[in-house]
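S.K.:
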Ligand SMILES: Nc1ncnc2c1ncn2[C@@H]1O[C@H](COP(=O)(O)OP(=O)(O)OP(=O)(O)O)[C@@H](O)[C@H]1O
Ligand SMILES: Nc1ncnc2c1ncn2[C@@H]1O[C@H](COP(=O)(O)OP(=O)(O)OP(=O)(O)O)[C@@H](O)[C@H]1O
Ligand SMILES: [Mg+2]
Ligand SMILES: [Mg+2]
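Residue numbers (our numbering), protein chains in the order written: chain A, 38 to 607; chain B, 6 to 336; chain C, 284 to 844; chain D, 1411 to 1725.
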């Protein structure tokens, strides 16, 4: 469909309104569309268009790191109590749902959204964040799961209706009051993620969370609504009729329609679509294939964009104490972990990821644009090429003079497969054997979670992307690796069972601190030396677009292009 | 004939039951810890326990099978058992959708793919097969046979990649947009777009099949052409065209129908490779994705679906050929 | 001018591998309107090839045709395909040998006859249908209106051949080429088809070329005769002359071989108590009340039994003939006697001990090895009764392997004796069946049956597939074996001539029942049963007195069916 | 794929020449067989020579040469004097991998087809010879196997093959052999069943019975030798199909596992990484290997059929 707006296209790079933004998805469906469940940068890329939060980041044309200025979204302003524990948000006037509900958005919709969090049918990963920032959240959730069985919609509804959370209240339709048990320097950043979005109870309670039916009747609070949804085929988002642009300063919403095409099944197909102009952006494509990047850079194309801050690649180690394989037993010894980090040739990995544009060697846990980052390398090697001799020596010291073998699982995408096979070749020089097992992307998550699956090392290609740019250090050091914040067990991302009391202490110090950076730096050095994971690469985000795209904008939270701020020509 | 059909149906039902049993047991062993695979991402132990309870995964597998065969428990408002109309094939937690619904929603795509392909390949192979058989050893025959060879030796995935690269990508980079790279447009939305989107997938399937069928038609024709009744037809002064297309082809069709039924059934049950390469949201892609992701209710469902399709088409083929043979039985 | 004349026709088949085959080497003949030209000769003599080549129907890429084939003076060799197509069906009608194979199995008979018309004329559908009905009626299909939309499978062999004739005559061609039109049919049917052809020729003045390997059949219909052998014409001329005084030794040989006399069993005496039973010894094999019904119990309601309530004795050293139309149950009975099939009623015993009887639910009966060795079988088709992948030595050694423990040396002696008995050279032992002639193969089959020194041999159409000369040799062998070894034979044949020549007694089967039994000459000379009489009357060759069936004197008794 | 053979297989029973030697001679005279044998011969030779070539160029099949074969941004080089067909995305030698891929194809295809032949022939013999309930049961089994969808079942089996400790119960290559065999024996069974039932009613089988041969003896001496040529030809027909089946499984990622090279997973790699656009040999190498092998075997089987079955060929 063409554009109706006379401004569309137009001269130069000035963005115009109208047109259809076509997105080619590598996956055949969205992993999640419910704001509660969506916890991948790709679902966030779409959710950005169909949900609004209390506060948000406006997007930046420069790079991810510079999109770090929080501004009001549905809240036009907010007050913070002197102890830093209570936030009072004042909502904008004249904001409406669209799609299956069209009424005005009120404060109670946020409260409902948070109360829905621990419905056992709609489990949210970010629950740890909310234990930290919402008073009374934990006990509410405990009670919820005690009283309500999976699959029982009526019981869920009854529970939500009859129980309140002390820490989130709506004294009137325009005010949301959030009370935290402790002071947190990053409360607003946490709220900028899509988890806390307004949800109309009258719609949401009718459907099973994130089911196809719910997706088809999705109540949107953003500038776009879902007009057609066929999993495996396409998702069409249409701009809300007479959208109040003035009430949404962060999202320009240039295009009339966002058309997500789920029919490309391979990296190759996705980039072919973009190169041929059949699509403008990609979804679920971590990094374009090397060959494509090279074609774009060689021809000095303006349609390739890159930014720091995409995330990192780690080799996850199975630290679950319940797992008893020879490999994971060995990995409990620091010397073995050190041997592993020496055995890795990061220069090779960088190369197969696509060189400098895409990745750089990583020798610590947090990445360069995260709060508290200081460039450290506890185990330096020449040119980051690894040191097989040292690795062998360390292994021998640890009691494995004849070498050692690990069970490695990797996600079946091009990047992770290359990474895994390259690692296998490289560490073999240090007497380390990797037995590779491929996991489908869907299976991978639950596979590593389960104690009965005896993996030692997990390779993901891209292991993590920061939940937001900047002070998201807590995600790793205060979240995943912090055994107080994320107790060992399923539901813990990456299935990390790392337990370091020293780190936990530093983390709790940092949360309440007004100047957390040095504390995080100290924590980073602690874990980077102790190696709960083997850091491999820091990743940059590389995005290719069609030549129709104008006003290319990065979006902080989704670590992706901002679909609500790019425009298309023609 | 009727008793034959009844007996065949009885046997087919038994086949289906065995397929169901084997698949059920197979998936139960293959996908360990099903609750974890089925749970939404990031689910904690409680959710998994809930799913385990809801699906009765904590019971011994033979009881699970009974639940599956009978009406089964209701999950989120939908029955998961077979004894239910329409038969429910379980519930996909991953997709939060009943499996039957899921499969039926993909059938139009796969059916369009299969039917279009079969029309193309049958037309081509009948014509080229007859041309080849007309003068075995002639230049025409040699050329057609050589092309058929290559077609039949090309794996579908390779054909798919090449077709997509040259006919979509290369053309598109020159600005010629005849073929879209992927996707499906329902027939009732736009018959033209429907065909345009399916043309490359049809070709990808048809190329291999033409290779096979051209040879079948040719062989069968050669055999029939040496039959006495063909000589009789000529002795009557019948025009050659009628001798070939009316008399010879009519009898040469049996192996074509038999094999055609099998191939068609295989595609209708899910043309995994082609659906994957061309991003067609059909039963095959559903099958492979669910198998890869361990969504085993869907695995069982798609397997059963493929079996039913296979059984139905072999049944049809058998009945058709038997009806034909009925006229030609020799004792 | 002749309606059709072939002059110096030569046909060569180019082979992919190996030397070319010259199948027809300069053949000439001609046929006049209203007359019948018979072409006779042994199998492979080139009869079919020359006719097909002459009419452009030789559908083989590698065939080279030379010479001339003149149809009313126009040469058909080298005529364009379209020209030939126009002649075929309208000017030249064809009837081929096997009515089963010559009708399209998937088209109704009406449609097939109609095509003969529509391929040459555009006529309204209704008119064509009317003409088809008329034709079907003319060739003697009863109730054509009811049968016109039937498929060939619903027709009997004779009816199918009538349909073929209807097709050939649809446009009233001046020439009818009939290539062995009756060879695959029963005697009775054959007689009626010959009648039909004669009648049609009388009415339309058609010229007929009638091909056959059977001098007796031809004798009833031919005005002129051409005898072929090895692709050349060895003798030709007026039929009366050729039959009366054959000029060529080969023709004489053919005629002699065709001559069948009644059994001349030594010392045949009529037993006082049996109805014409001839006997040499004691009853050896007793068949009592045997019946057989094929198929499942449920299906049996619709079909009559293949054999019902058959009883007879076979005496030591006796040759008992079993005759009847196709499908009358001869083979079924033979298989029961041979212990290859359990009867569904009755029993069979040898020397008083019953070895096969009803009531066993098995695919195949099991005989104890001793009885097994006493009853052996020789099958009809010498080609398929020997395993093509095994050498004659292995085939013949098998019975010894199974039943007797012989040293290599002894085995060799036995094998040589065995091939001697059937008048074969020991060198044959090292050959594969594919490298033997039909007669040699049948001798090997007989040798295998003899290896275990049986008392009874069931010979099911054991000579029917052989040409006339070889037939005589095998018959002589059987006679000799009976004399030298006292073996009893149950000799099954649809060929009354052979039976009358060889057997001591005959049993006539009709619809699975014995309608007549008695001494051969008795049955042939004075059949009591009307069916038996019909069978005997249908024997061809009467026109020229070739047949005097059952003539006890046997001086000029020539019978061939 | 093809069950052309069963429909027409009885023709093999009429094979003109009984001696193996003679048959072989006339088979080898066929042009299509000669082409096929040449192609297959070359493939086999190359597969056998793979380690030699690897030693010659000094590149192992899974060895990565990032510094020599990849540029700084990881793009593989095209053909060069040391990498004759260039490198793949991991800096591995495409030529060496293609040659090792040939081994996989043959090492999977040949045993799988042979196992399928043995099982299928046995089942078909029993069903065809004994008929009755034996046939009923075996036909039912065949039906069940036929109605399983190949790829999805293969996937379940792959999942099944993973042990508690994450390794494989049997080597993945053996598993692939097993899967391919499990899905192709039915074709042999149908073929043999038909032929056996046909032979069962042949007079020479009855003749063997009349001299007192037992069932097994008849199967061994009369049936087996006569169906053998058809079965062997069908082996050659099925082999290319099975080679493609292996490649397809590997292409879909459920066959031979990385880093072991197989033509299927190499093509998948080339496609998935789009590297074939800058290093076409990454795709052409394995594709040519695969297609040539399949064409070669197809040519042989077709030629053999030409010889055995006069209708099939040209005259
Ligand atoms: N297509 C062919 N290629 C090679 N040789 C052939 C071909 N057709 C027939 N012949 C040979 O030509 C010769 C004559 O065959 P023809 O069919 O004319 O015999 P016939 O006299 O009609 O015998 P029959 O009584 O068996 O019908 C035979 O030796 C036969 O093998
Ligand atoms: N295996 C069988 N199953 C069912 N019916 C059979 C079977 N064999 C023979 N019949 C039927 O039994 C009847 C007698 O057949 P049989 O073979 O004994 O006849 P025949 O006298 O030997 O005939 P021919 O002269 O044609 O050999 C026929 O109607 C035939 O169709
Ligand atoms: Mg003939
Ligand atoms: Mg018979």
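All C-beta atoms, glycine included, are put in the ideal place defined by N, C-alpha and C.
What I want to know is whether the C-beta of residue 331 of chain C ends up closer than 6 Å to one or more non-hydrogen atoms of ligand 3.
M.R.: Within the cutoff, so yes.
S.K.: Which runs of the alpha helix (DSSP H) spanning at least 4 residues fall entirely within the region 342-410 of chain A, listed in chain order?
M.R.: 363-368, 371-380 and 383-390
S.K.: Does DSSP put residue 146 of chain A in a helix, in a strand, or in coil?
M.R.: helix
S.K.: Just checking residue 493 of chain C against ligand 1 - is the residue's beta carbon closer than 6 Å to any of the ligand's heavy atoms?
M.R.: Using a cutoff of 6 Å, the CB of residue 493 of chain C does not count as near ligand 1, since none of the ligand's heavy atoms is closer than that.
S.K.: Which residues, taken in chain order from the region 266-287 of chain B, show a beta carbon closer than 8 Å to some beta carbon of chain A?
M.R.: Under the 8 Å Cβ criterion, the region 266-287 of chain B contributes 281, 282, 283, 284, 285 and 286.
S.K.: Helix, strand or coil: which one does DSSP assign to residue 474 of chain A?
M.R.: strand
S.K.: Along the chain, where does the beta strand (DSSP E) that runs through residue 205 of chain A open and close?
M.R.: 205-209
S.K.: Can you tell me whether DSSP reads residue 793 of chain C as helix, strand or coil?
M.R.: Three-state DSSP puts residue 793 of chain C in a strand.
S.K.: Which residue marks the beginning of the alpha helix (DSSP H) containing residue 1457 of chain D, and which one marks its end?
M.R.: 1441-1467
S.K.: Looking at ligand 2, does it come within less than 6 Å of residue 496 of chain C, judged from the CB to the closest heavy atom?
M.R.: no
S.K.: Taking Cβ positions only, does residue 451 of chain A come closer than 7 Å to chain D?
M.R.: yes
S.K.: Identify the residues that DSSP records as bridge partners of residue 603 of chain C: which are they?
M.R.: Answer is C:773 and C:788, bridged to residue 603 of chain C.
S.K.: Please find out if some non-hydrogen atom of ligand 1 comes closer than 6 Å to the beta-carbon of residue 296 of chain C.
M.R.: It does: the Cβ of residue 296 of chain C is within 6 Å (strictly closer) of some heavy atom of ligand 1.
S.K.: Ligand 1 and residue 306 of chain C: does the residue's C-beta get closer than 6 Å to at least one heavy atom of that ligand?
M.R.: yes
S.K.: Residue 338 of chain C: beta carbon under 6 Å from a heavy atom of ligand 1?
M.R.: no
S.K.: Given that residue 242 of chain B touches chain C, what residues does it touch there, using C-beta distances under 8 Å?
M.R.: Those within 8 Å of residue 242 of chain B in chain C are 368, 369, 370, 371, 372, 373, 399, 402 and 403.
S.K.: Since residue 375 of chain A contacts residue 572 of chain A with CB under 8 Å, what's their CB separation in whole angstroms?
M.R.: The Cβ separation is near 13 Å, so there is no contact.
S.K.: Which residues in the same chain as residue 217 of chain B place their Cβ atom closer than 6 Å to its Cβ, once the five residues preceding and following it in sequence are excluded?
M.R.: 157
S.K.: Does the beta-carbon of residue 470 of chain A have 16 or more other beta-carbons within 10 angstroms, so that it is buried, or is it exposed?
M.R.: exposed
S.K.: Assuming residue 146 of chain A contacts residue 78 of chain A under a Cβ cut-off of 8 Å, what Cβ separation, rounded to an integer in Å, is found between them?
M.R.: No, residue 146 of chain A and residue 78 of chain A are not in contact; Cβ-Cβ is about 25 Å, not under 8 Å.
S.K.: Apply the 10 Å Cβ neighbour rule to residue 377 of chain C and answer buried if 16 or more other Cβ atoms are within range, or exposed otherwise.
M.R.: Its Cβ being crowded by 16 or more others within 10 Å, residue 377 of chain C is buried.
S.K.: Of all the CB atoms in chain A, is at least one closer than 7 Å to the CB of residue 1668 of chain D?
M.R.: yes
S.K.: In angstroms, rounded to a whole number, what distance separates the CA positions of residue 1460 of chain D and residue 300 of chain B?
M.R.: 41 Å
S.K.: Along chain D, which residues have their Cβ under 7 Å away from the Cβ of residue 138 of chain A?
M.R.: Residues of chain D passing the Cβ test: none, with the nearest at roughly 40 Å.
S.K.: Between residue 278 of chain B and the rest of its own chain, which residues show a CB-CB distance below 6 Å, the 5 nearest in sequence each way excluded?
M.R.: Excluding sequence neighbours, residue 278 of chain B sits near 161 and 162.
S.K.: Determine contact between the region 109-116 of chain B and the region 280-294 of chain B, defined as no fewer than three beta-carbon pairs at a distance below 8 Å.
M.R.: yes
S.K.: CB-CB under 6 Å to residue 550 of chain C, same chain, minus the five flanking residues each way: which ones, in chain order?
M.R.: With a pLDDT of only 41 at residue 550 of chain C, under 50, the local geometry of the prediction cannot be trusted, and the value read off the model is given with reservation. Within the same chain, residue 550 of chain C has no close Cβ partners at all.
S.K.: Given residue 272 of chain B, which residues of its chain have a CB within under 6 Å of its CB, disregarding the five upstream and five downstream residues?
M.R.: Around residue 272 of chain B: 119.
S.K.: Looking only at its chain, what residues have a beta carbon closer than 6 Å to the beta carbon of residue 121 of chain A, apart from the 5 residues adjacent to it on each side?
M.R.: 220
S.K.: Tell me, please, which residues DSSP counts as bridged to residue 322 of chain C.
M.R.: Beta-bridge pairing links residue 322 of chain C to C:494 and C:509.
S.K.: Going by beta carbon distance, what residues of the same chain come within less than 6 Å of residue 320 of chain A, once the five residues before and after it are set aside?
M.R.: Same-chain partners within the cutoff: 60, 62 and 79.
S.K.: Comparing the C-beta of residue 307 of chain B with each C-beta of chain A, is any distance below 7 Å?
M.R.: With 7 Å as the cut-off, residue 307 of chain B does not count as an interface residue toward chain A.
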